[in-house]
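Per numbering that gives the first Met the number 0, the very first residue in the sequence shown carries number 0; after that it's consecutive.
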Amino acid sequence: MNPGCISRITPEPGATKAKCPKCGSEWRIFWVKAGFPRVKGPVWETSQKLANEQWARITQKKEEK
0 MNPGCISRIT PEPGATKAKC PKCGSEWRIF WVKAGFPRVK GPVWETSQKL ANEQWARITQ
60 KKEEK
């Protein structure tokens, strides 16, 4: 999850999840009514995976120095 990302997400009608095309974060979607989506929260598995990948890149750079 990238708190600095301000990209707009447009979910497909009726979708329960939507992925940010810019940062890769995935979000759970709730439909108030047809055509009126709201973000419920992050998909934790995707957020954990992105965080682990970032941590691996950081530690790899430190080991190379």
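A virtual CB, placed ideally from N, CA and C, is assigned to each residue, including glycine. Bear in mind the structure is a predicted one, so any value in this text is a computation, not a measurement.
- Distances from the CA of residue 30 to each of 44, 40, 45 and 21 were compared; the closest alpha carbon is that of 40.
- Between residue 42 and residue 16, the beta carbon gap of about 6 Å places them in contact (Cβ cut-off 8 Å).
- The three-state reading of DSSP puts residue 52 in helix, counting H, G and I together.
- By the neighbour-count definition (other C-beta atoms within 10 Å, threshold 16), residue 54 is an exposed residue.
- Inter-residue distance for residue 32 and residue 13 is about 10 Å (C-alpha atoms, whole angstroms).
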